[in-house]
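Numbers in our numbering are just positions in the sequence shown, counted from 1, shifted up by 2.
The C-beta atom is built at its ideal place from N, Cα and C for all residues, glycine as well.
Everything below concerns the one structure shown next.
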Amino acid sequence: MGISFVVPPDGRRPDDEDSMIRRALAASVLVPVLLAGAALADGRQDFTLVNKTGYTISEVYVSSAKTDDWEEDVMGRDVLEDGDRVQISFPYKEKSCKWDLKVVYDDGEEAVWNGFDLCRTSVIRIRYNRNDGSTWAEYE
3 MGISFVVPPD GRRPDDEDSM IRRALAASVL VPVLLAGAAL ADGRQDFTLV
53 NKTGYTISEV YVSSAKTDDW EEDVMGRDVL EDGDRVQISF PYKEKSCKWD
103 LKVVYDDGEE AVWNGFDLCR TSVIRIRYNR NDGSTWAEYE
């Protein structure tokens, strides 16, 4: 299967057919390149954090498992209400897969989880059991 054109007696294609061919060829080359570039712009560690604790989370910290420094709150001035979710994105150049997660609730209480493989995790759900005071994370 190919592209067929009606060629006039002089053997030359009309300009509009030439430009159409050039545009089609350029698109067939550029579209995959642009799509690959967009995919690379996102880090493979990106994940969605879901708050299922019954409390508001006022701060979220994500730190490489190789360091003891929490750096800055990735939520900034925002908070994560119970039942809400937030997308946490990494720069494409980030290579590490193992990450620690710390959340601070609006009452100042903290919870920490160590060693999430964010290269294989797309969603982390944080839960809290009021009966026994336990906090845990489910991930997929």
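Asked                                                                                                                                                       : Found
Could you check the C-alpha separation between residue 81 and residue 136 for me, to the nearest Å?                                                         : 21 Å
From residue 111 to residue 62, what does the alpha carbon distance come to, in whole angstroms?                                                            : 12 Å
Apart from the five residues just before and just after residue 72, which ones in its own chain have a Cβ nearer than 7 Å to its Cβ?                        : 63, 65, 104
Report, in whole angstroms, the separation of the C-beta atoms of residue 87 and residue 50, which I expect to be a contact under 8 Å.                      : 5 Å
Measure the CB-CB distance between residue 115 and residue 139 and report whether it falls below 8 Å.                                                       : yes
Apart from the five residues on each side of it in sequence, which residues of its chain come closer than 7 Å, Cβ to Cβ, to residue 75?                     : 61, 62, 63
Ordered along the chain, which non-local residues of its own chain (more than five positions away) have a Cβ less than 7 Å from that of residue 46?         : 121
Looking at the strands, I want to know which residues DSSP matches up with residue 102.                                                                     : 65
Can you name, in chain order, every residue of its own chain whose Cβ lies under 7 Å from the Cβ of residue 2, other than the five neighbours on each side? : Examination of residue 2 is not possible in this model, given that the chain is present from 3 through 142 alone.
Under DSSP, the beta strand (DSSP E) around residue 54 begins and ends at which residues?                                                                   : 49-54
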